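If you read the sequence shown in the numbering used here, its first letter stands for residue 3, the second for the next number, and so on.
Each residue gets a CB set at the ideal place from its N, CA and C atoms; glycine is no exception.
Since we're looking at a predicted model, the values are computed, not measured.
Everything below concerns the one structure shown next.
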Amino acid sequence: MTAQIAVTRERRADETRVAATPDSVRKLIALGYAVTVEAGAGLTASYADADYAAAGATIAPAAVQALANADIVLKVRAPADQEITALKTGAIVVALLNPFGDRAALDALALRGATAFAMEFVPRITRAQVMDALSSQANLAGYRAVIEAAEVYGRALPMMMTAAGTVAAAKVFVMGVGVAGLQAIATARRLGAVVTATDVRPATKEQVESLGAKFLAVEDEEFKNAQTAGGYAKEMSAEYQAKQAALVSDHIKKQDIVITTALIPGRPAPKLVSAEQVASMKPGSVLVDIAVEQGGNVAGSRLGEVADVGGVKIVGYANLAGRIAADASNLYARNLLAFAGLLLNKEGALAPDYEDEILKAALVAQGGAVVHPALKT
3 MTAQIAVTRE RRADETRVAA TPDSVRKLIA LGYAVTVEAG AGLTASYADA DYAAAGATIA
63 PAAVQALANA DIVLKVRAPA DQEITALKTG AIVVALLNPF GDRAALDALA LRGATAFAME
123 FVPRITRAQV MDALSSQANL AGYRAVIEAA EVYGRALPMM MTAAGTVAAA KVFVMGVGVA
183 GLQAIATARR LGAVVTATDV RPATKEQVES LGAKFLAVED EEFKNAQTAG GYAKEMSAEY
243 QAKQAALVSD HIKKQDIVIT TALIPGRPAP KLVSAEQVAS MKPGSVLVDI AVEQGGNVAG
303 SRLGEVADVG GVKIVGYANL AGRIAADASN LYARNLLAFA GLLLNKEGAL APDYEDEILK
363 AALVAQGGAV VHPALKT
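Here's what the structure looks like:
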């Protein structure tokens, strides 16, 4: 029996992405799935219903019809309450579930009897790189952070020499050199800015310098051991944070644009820029806080707003990847396509191997309970 996939419209505030594109639908069907897409699901990402239909999808008039017979539901964010109610018992849900921050949705999925996979928990191993949704979306968020900064900054980023005089290049400081930070550095460099960057992980120094930026950090013993086996930054001690703050304070007040990207899985975002450091910046300077949805790296950042603090603008836009919805959806749909392939056996039947290291790591709810070790209370 052909496994049924449903893709519904995102109902979370400000979510413009969609979990499948016409191209990924075509490939899902080639794998052996049947795909139903809710009408209008792709419109905010510039994908029309007609394109999904041409790719072989069935277009359902509403979420209830799309979900009625779905064995698998592909989403960007966790399903809304009315979608969870419409799930059939035992349906598989694959999404960016925000398992640490949206426990209510996870509990509701478990109560409904759904099997839920969180794309955030896909392990960082070679075989799973094509499924790494956090990286695919962070890459675009880093790019978009620079574009948003340039728009709010209101001045040119590259040096320009004209008959009327010279325009100095903007100084951009990137704090946190993960996927988003590296793309922010690369984008700011391409736009002609003078870029510096900092991170607590020693391995990032070479990456920063390879992109033509200057690295700034307190390089003590704690710094040398400040990276987990999975490649994430560890939370630094209060002593280290104080030393780092002292180092960057003099640097930050000279910057035109500061972009902060530091996140710690399952924890509030670390505070990187204090109110005093914001106040030290020149009027007209800009900060972009990519981590605003997890509490923010910048004192004074406000979710969904551009705060003006003494003439310094702090950009707190949520879901930066969603501000490039077509590309973000395209990359995320490819992540899900690869993940969906793991749910089929060699004969093409829906038969997930829950001992597979990727599925095992991403599984968060099954059999009426939340099962991931990091989420058990």
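{"query": "Under 8 Å between C-beta atoms of A143 and A323", "result": "yes"}
{"query": "Sub-8 Å separation of G274 and V300 beta-carbons", "result": "The sequence given here places Leu at residue 274; Gly does not occur at that position. In this structure, V300 lies closer than 8 Å to L274 by Cβ."}
{"query": "Same chain only: Cβ atoms within 6 Å of K315, ignoring 5 sequence neighbours per side", "result": "V154, V288 and V308"}
{"query": "R79 and E17 closer than 8 Å at C-beta", "result": "yes"}
{"query": "Test item: CB-CB of E237 and P272 under 8 Å", "result": "yes"}
{"query": "Contact check, L365 vs F119, beta carbons under 8 Å", "result": "yes"}
{"query": "Bounding residues of the beta strand (DSSP E) (the contiguous stretch that carries V311)", "result": "V308 to V311"}
{"query": "Contact the stretch 64–82 vs the stretch 93–110: 3+ CB pairs below 8 Å", "result": "yes"}
{"query": "Cα-Cα separation between M163 and K173, rounded to whole angstroms", "result": "17 Å"}
{"query": "Classification of P63 by the beta-carbon crowding that lies within 10 angstroms, buried from 16 upward", "result": "exposed"}
{"query": "Top-ranked residue by Cα proximity to R28, from I7, A170 and T46", "result": "I7"}
{"query": "Exposed unless 16 or more other CB atoms sit within 10 angstroms - verdict on K77", "result": "buried"}
{"query": "CA nearest to the CA of A88, picked from F102, G115 and A97", "result": "G115"}
{"query": "Supposed contact pair T60 and G34 - C-beta distance, whole angstroms, cut 8 Å", "result": "The pair is not a contact, with the Cβ atoms about 16 Å apart (cut-off 8 Å)."}
{"query": "E241 Cβ short of 7 Å to the ligand HEM heavy atom set", "result": "For the structure depicted, the ligand HEM is absent and the ligand set is empty, with no information on it obtainable."}
{"query": "G167 - DSSP class collapsed to helix/strand/coil", "result": "strand"}
{"query": "Delimiting residues of the alpha helix (DSSP H) encompassing A364", "result": "E359 to A364"}
{"query": "Best match in L344, V202, A186 and L69 for proximity to A244 [C-alpha to C-alpha]", "result": "V202"}
{"query": "D291 - containing alpha helix (DSSP H), residue span", "result": "Note, D291: premise wrong, no alpha helix (DSSP H); beta strand (DSSP E) at V288 to D291."}
{"query": "F225 in three-state terms, based on DSSP", "result": "helix"}
{"query": "Anticipated Cβ contact below 8 Å, A151 with P160, distance rounded", "result": "Contact flag wrong, Cβ pair sits at about 14 Å."}
{"query": "Beta-carbon spacing of V197, A215 below 8 Å", "result": "yes"}
{"query": "Selection from I31, G286 and A15 that minimises the alpha carbon distance to K22", "result": "Before going further, note that residue 22 is Ala rather than Lys in the sequence given. Minimum Cα distance to A22 is reached at I31."}
{"query": "Counterpart residues of F341 in DSSP-defined beta bridges", "result": "Bridge partners of F341: none, in fact."}
{"query": "Continuous alpha helix (DSSP H) assignments of at least 4 residues falling wholly in the stretch 33–77", "result": "51–56 and 65–69"}
{"query": "For A219 and T200, believed in contact at Cβ under 8 Å, the rounded distance", "result": "5 Å"}
{"query": "I266 (DSSP reduced to helix, strand or coil)", "result": "coil"}
{"query": "Bounding residues of the beta strand (DSSP E) (the contiguous stretch that carries Q6)", "result": "Q6 to V9"}
{"query": "For I316, the first and last residue of its enclosing beta strand (DSSP E)", "result": "V314 to V317"}
{"query": "N-terminal and C-terminal residue of the alpha helix (DSSP H) that A110 is part of", "result": "R105 to R114"}
{"query": "Local conformation of Q368 per DSSP, three classes", "result": "strand"}
{"query": "Residue nearest to T206 in terms of C-alpha spacing, selected from V176, K90 and E295", "result": "V176"}
{"query": "CB-CB length for Y334 against A135, believed under 8 Å", "result": "6 Å"}
{"query": "Extent of the continuous alpha helix (DSSP H) run through E207", "result": "According to the sequence provided, residue 207 is Lys. The question's Glu does not apply to it. Counting along the chain, the alpha helix (DSSP H) containing K207 begins and ends at T206 to S212."}
{"query": "Integer Cβ distance of G298 from A320, believed to fall under 8 Å", "result": "Wrong, their Cβ atoms sit about 11 Å apart, outside the cutoff."}
{"query": "For A363 and F102, the rounded distance between their alpha carbons", "result": "15 Å"}
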